[in-house]
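Engineer:
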Amino acid sequence: MSFSTQLLSTLITGAALLGAMPSGAENTAAREQAARAAAGQFLHKLGGALKREIKKGGPDHAIGVCRDLAPQIAGELSRANGWRVTRVGTRVRDPLLGMPDRWERKVLAAFKARAAKGESYRDMTFGEVVDYGGKPHYRFMKAIAVRKVCLKCHGSPQQIPTNVQAKLARTYPHDRATGYKVGELRGAVSINQPLDIPPSAAGGGR
Numbered sequence: 215m216s217f218s219t220q221l222l223s224t225l226i227t228g229a230a231l232l233g234a235m236p237s238g239a240e241n242t243a244a245r246e247q248a249a250r251a252a253a254g255q256f257l258h259k260l261g262g263a264l265k266r267e268i269k270k271g272g273p274d275h276a277i278g279v280c281r282d283l284a285p286q287i288a289g290e291l292s293r294a295n296g297w298r299v300t301r302v303g304t305r306v307r308d309p310l311l312g313m314p315d316r317w318e319r320k321v322l323a324a325f326k327a328r329a330a331k332g333e334s335y336r337d338m339t340f341g342e343v344v345d346y347g348g349k350p351h352y353r354f355m356k357a358i359a360v361r362k363v364c365l366k367c368h369g370s371p372q373q374i375p376t377n378v379q380a381k382l383a384r385t386y387p388h389d390r391a392t393g394y395k396v397g398e399l400r401g402a403v404s405i406n407q408p409l410d411i412p413p414s415a416a417g418g419g420r
């Protein structure tokens with residue numbers, strides 16, 4: 215094969231590969247879809263476990279779910295996808311696990327502003343490509359609103375049973391995640407995807 219023929223073949227192959235690569239918008243859409251799916255899985259698994267434990271032994275059983283199972287679910291999703299999946303709060307129960315960083319605080323504030331204009335927290339999300347540690351990452355958050363059942367652990371002192379208050383004091387000595395009302399922003403599922411890891415459309419692994 216002559217040099218000119220090899221060069222032509224290389225150019226054609228390169229053009230075909232470029233044509234097959236997703237555009238920036240398409241890639242971001244795929245990452246958003248994957249993040250939505252992963253956030254949905256997290257909330258579905260956590261919500262199911264909370265309902266089972268509350269039905270089994272009352273609201274004080276839910277404390278163990280949030281303390282032990284929630285990080286476990288987040289860890290499983292993180293390892294499956296190669297991302298960082300976590301849950302952050304507007305007021306945190308455990309500073310080591312739920313403290314939002316600067317970007318997350320900005321998005322939580324934006325969520326509140328959007329809600330003030332009439333948007334529901336139910337489907338509220340936000341995602342964008344940002345610089346994270348000197349590398350491009352796709353960051354995504356899905357809002358979590360306070361529901362009536364949450365008040366047994368996150369409401370006012372009058373709404374939290376005495377035994378739950380005692381267990382919270384033992385388990386979370388620096389607890390600030392109380393005093394909420396139904397419909398307020400409790401926090402969000404936060405997902406951080408390095409752009410060098412392909413998104414999974416199913417949100418369940420690569």
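No gaps in the numbering here: position 87 of the sequence shown is 301 in my numbering, and each next residue is one more. Note that CB positions come from ideal geometry on N, CA and C, so glycine has one too.
Return helix, strand or coil for residue 386, following the three-state DSSP convention.
Structural biologist: coil
Engineer: If contacts are defined as beta-carbon pairs under 8 Å, then residue 378 and residue 257 qualify, I think. What distance do you get, rounded to the angstrom?
Structural biologist: Rounded, the Cβ-Cβ distance is 22 Å, inconsistent with contact.
Engineer: Considering only C-alpha positions, which residue in the set 367, 357, 395 is nearest to residue 254?
Structural biologist: 357
Engineer: Tell me, please, whether the stretch 299-318 touches the stretch 393-410 by the rule of three or more beta-carbon pairs shorter than 8 Å.
Structural biologist: yes
Engineer: Taking all protein chains shown into account, do 16 or more other C-beta atoms lie within 10 angstroms of the C-beta of residue 300, making it buried, or fewer, making it exposed?
Structural biologist: Its Cβ being crowded by 16 or more others within 10 Å, residue 300 is buried.
Engineer: Cα separation between residue 273 and residue 265?
Structural biologist: 9 Å
Engineer: Is DSSP giving residue 407 helix, strand or coil here?
Structural biologist: Looking at residue 407 - three-state DSSP - the assignment turns out to be strand.
Engineer: Between the Cα of residue 332 and those of 262, 397, 313, spot the shortest distance and give me the residue it belongs to.
Structural biologist: 397
Engineer: Roughly how many angstroms lie between the CA atoms of residue 376 and residue 341, to the nearest whole one?
Structural biologist: 40 Å
Engineer: Please classify residue 313 as buried or exposed, where buried requires at least 16 other C-beta atoms within 10 Å of its C-beta.
Structural biologist: exposed
Engineer: Extract the residue ranges of the alpha helix (DSSP H) inside the stretch 269-309, only unbroken runs of 4 or more that lie entirely within it.
Structural biologist: Runs of alpha helix (DSSP H) with 4 or more residues, each lying fully within the stretch 269-309, are found at 274-278, 284-295, listed in chain order.
Engineer: For residue 345, name the three-state secondary structure that DSSP assigns.
Structural biologist: strand
Engineer: Hey, could you find the ends of the alpha helix (DSSP H) residue 321 is sitting in?
Structural biologist: Looking at the DSSP string, the run of the alpha helix (DSSP H) that includes residue 321 is 316-330.
Engineer: Cutting at 8 Å between CB atoms, please list the residues of its own chain near residue 279, excluding the five before and the five after it.
Structural biologist: Setting aside the 5 residues that flank it on each side, residue 279 is surrounded in the same chain by 260, 263, 264, 267, each with a C-beta closer than 8 Å to its C-beta; the list follows chain order.
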